[in-house]
């Protein structure tokens, strides 16, 4: 096994570089699972509440689409799995994908692999080290999940099986990312391709779970959820996960031997000898660099919107069949579809915020790579350097929420046969933008004054996503919830569009950007 | 003489590191000025201050009559820059990067762009991520040389270029000089500075230790002489300024401080010289003397030298 020579040393290198990053991943995912499991347990603490949960939420296709197979919802443990599994599954998949690409293709792209490969290091050692770390971290997260749910009377067998199902998905995505890293010559595209697979896996299992069809077996997330905790406790679906992961890794190893260090399997094409007219300003460059990302996000949010929108009719039927829910919605004054649309629009807002934070921090990466200096050496002022890319960031975010709203509206129009909601949903999607602006403002502030702390902008985004996704489950004090700008938005369309909070958030966002710009003008570059 | 660049007593610290420690630099309009020093001596920091990328803690800096920090964007219309380690946008082609960088400066000479691509043998249709270091360097060079900038700041511009391209680069700099443009050329390749520069400044630990024409700097050091005489030159070591006397194959090799050269010649002449070879110190020797041995900087005797005020 000469190809693996030196793996142990590289393993230590990967662990040394990622000790903080991986610790944060483990603590965040295990912490969220433990907190939300405890939250669920204390919310549904009587048999009556559990029965009502099963009747109302467990039978809603929208909830099944977002959570997984509705099994064993007559037990509190079943509800805990139903409420917590998708969050930790998606989290572990993203962790594994990013870790695997970061230590394979990303290293190769900057040329460090070449430096190591010239030493006594086997051809597969770098990949092996990355895969081992990604898989081991998945297992650690799985064990954390096991411990978290064991505290909720899961019993040893079910606790272990839940943890194993989480770890298995991490291992599958480490393998998928490793193959992507062989195929693509660019870390960004390799990560993007892997996340696209994750999106497809989510969509396949969502449709499969709602239909109760075999489509879930095409999805790695499906394999992990088909262990059917408390409804059979099956271990064998995880064998499918491990077998597929093993095949993918063998495939990745084979691809490694068929290509040169530094290049992907898909070769680079030639390009234009002259720059187009638009590529003559920082704005033109920002658009050129980000248009691929904008398009990918747009496709993702339109699809998500279509999935959401297609449930609207079923929701109305569900409420009609259920006097309790009917009463509830009459009291609050909203309709069930409006409440559901509100959640859908919030997800669009969070998605757009994900794009916007990455886009705003792009300048930080460009500076680190030494590509800002030659631009500032031209006739480009600091203001223009900082603010031009923000046009793409904010314009992109507005486009993304609009398209998400449009997706919901179109699917809704198709299932109900009436297009009266389409324009309303597109317009209401803009309510999300002030909150996105605040997160962008934070990123710009950090860019201007505390470059080394730009990760805080990611932390704020992660926090907003967790609060938005799990909401009341975590039972955090109001002021902690209130740290997410999305918590201050009026909950349209149930609530009317209140201008005061939107204006306040907008002013805060603009203020943060202005403050950041002042810092960016004053500081050293590079 | 008008000055293109003047820096006086510039200090810049990064944390506890004192990158520039009272730097003085004067570059006259129309000259090719060599900026020499070992790695980490402050060459790049100086250039980045001149570009307004980094702000000096104290001291005065003038670039083309303006303040390089305050007037950065407007001054850059007249300045072209080539960094030592060129990083390009991986998914842009070389040709696109050249156009972008030129347009950000305010335009380029189309005819010259085409001619330079030819001379540097650069394929503009390849994506930047597939370029070697040398090719990335060529992209930045073509963008800078195709501009009509009055002042070119070149930070180790030939690192990664092969000798053929190095020669092309030297031709280009000669042309710039003929057109009356000013070049600040940071380098540690001494042959390059010797071939191109009117004057050089040598920087060490954030200070300029010597400035002057090459001729003046050579005055400050020793000439190597190989001589054979009919009568033994045994007393040579006693002549003031003569060092390292060695007898090899009947010839005498020695170094002599340049300002004592005439005394050595006076001593040798009566001994009936049969052959004599002497060569002036190369910049290499100057450099080694400055950095290799722990010799204190020689106080300049030439009025043009060191920190002209």
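Residue numbers (my numbering), protein chains in the order written: chain F, 1 to 526; chain Y, 527 to 835.
Beta carbons: idealized from backbone N, C-alpha and C, even for Gly.
What you are looking at is a predicted structure, and each value in this text was computed from that prediction instead of being measured.
Going by DSSP, name the residue or residues bridged to residue i.
i	result
residue 540 of chain Y	Y/543
residue 736 of chain Y	Y/728
residue 551 of chain Y	Y/533
residue 772 of chain Y	Y/779
residue 801 of chain Y	Y/754
So what's residue i in DSSP terms, helix, strand or just coil?
i	result
residue 606 of chain Y	strand
residue 313 of chain F	helix
residue 269 of chain F	coil
residue 483 of chain F	coil
residue 688 of chain Y	coil
residue 178 of chain F	helix
residue 653 of chain Y	strand
residue 712 of chain Y	strand
residue 752 of chain Y	strand
residue 762 of chain Y	helix
residue 121 of chain F	coil
residue 394 of chain F	helix
residue 257 of chain F	helix
residue 619 of chain Y	strand
residue 718 of chain Y	helix
residue 520 of chain F	helix
residue 580 of chain Y	coil
residue 698 of chain Y	helix
residue 459 of chain F	helix
How is the alpha helix (DSSP H) around residue i delimited, first residue to last?
i	result
residue 140 of chain F	125-150
residue 585 of chain Y	Element bounds for residue 585 of chain Y: not the alpha helix (DSSP H) but the beta strand (DSSP E), 584-589.
residue 560 of chain Y	Per DSSP, residue 560 of chain Y belongs to no alpha helix (DSSP H); it is in the beta strand (DSSP E), 558-562.
residue 364 of chain F	336-368
residue 636 of chain Y	636-645
residue 788 of chain Y	787-794
residue 705 of chain Y	Run containing residue 705 of chain Y: none; DSSP gives neither H nor E here.
residue 95 of chain F	76-102
Quick check on the burial criterion: 16 or more other C-beta atoms within 10 angstroms. Buried or exposed for residue i?
i	result
residue 469 of chain F	buried
residue 565 of chain Y	exposed
residue 569 of chain Y	buried
residue 392 of chain F	buried
residue 538 of chain Y	buried
residue 552 of chain F	This structure does not reach residue 552 of chain F, given that chain F is present from 1 up to 526, and the question cannot be answered.
residue 541 of chain Y	exposed
residue 148 of chain F	buried
residue 800 of chain Y	exposed
residue 444 of chain F	buried
residue 181 of chain F	buried
residue 287 of chain F	buried
residue 383 of chain F	exposed
residue 578 of chain F	This structure cannot settle anything about residue 578 of chain F, because the visible part of chain F is limited to 1 through 526.
residue 659 of chain Y	exposed
residue 610 of chain Y	buried
Examine chain F for any beta-carbon lying closer than 8 Å to the beta-carbon of residue i, and answer yes or no.
i	result
residue 642 of chain Y	no
residue 534 of chain Y	no
residue 530 of chain Y	no
residue 609 of chain Y	yes
residue 625 of chain Y	yes
residue 829 of chain Y	Note on residue 829 of chain Y: pLDDT 39, under 50, position unreliable in the model; the coordinate value appears next. No, because no Cβ of chain F sits closer than 8 Å to the Cβ of residue 829 of chain Y.
residue 577 of chain Y	yes
residue 650 of chain Y	yes
Please confirm whether residue i has its beta-carbon closer than 8 Å to some beta-carbon of chain Y.
i	result
residue 326 of chain F	no
residue 380 of chain F	yes
residue 32 of chain F	no
residue 525 of chain F	yes
residue 148 of chain F	no
residue 373 of chain F	yes
residue 289 of chain F	yes
residue 361 of chain F	no
residue 270 of chain F	yes
So the beta strand (DSSP E) residue i belongs to, where does it begin and stop?
i	result
residue 597 of chain Y	Run containing residue 597 of chain Y: none; DSSP gives neither H nor E here.
residue 681 of chain Y	677-681
Check your understanding: Taking a cut of 8 Å between CB atoms, which residues from the segment 181-205 of chain F lie near chain A?
Key -> In summary, chain A is missing from the structure at hand, where the protein chains are F and Y.
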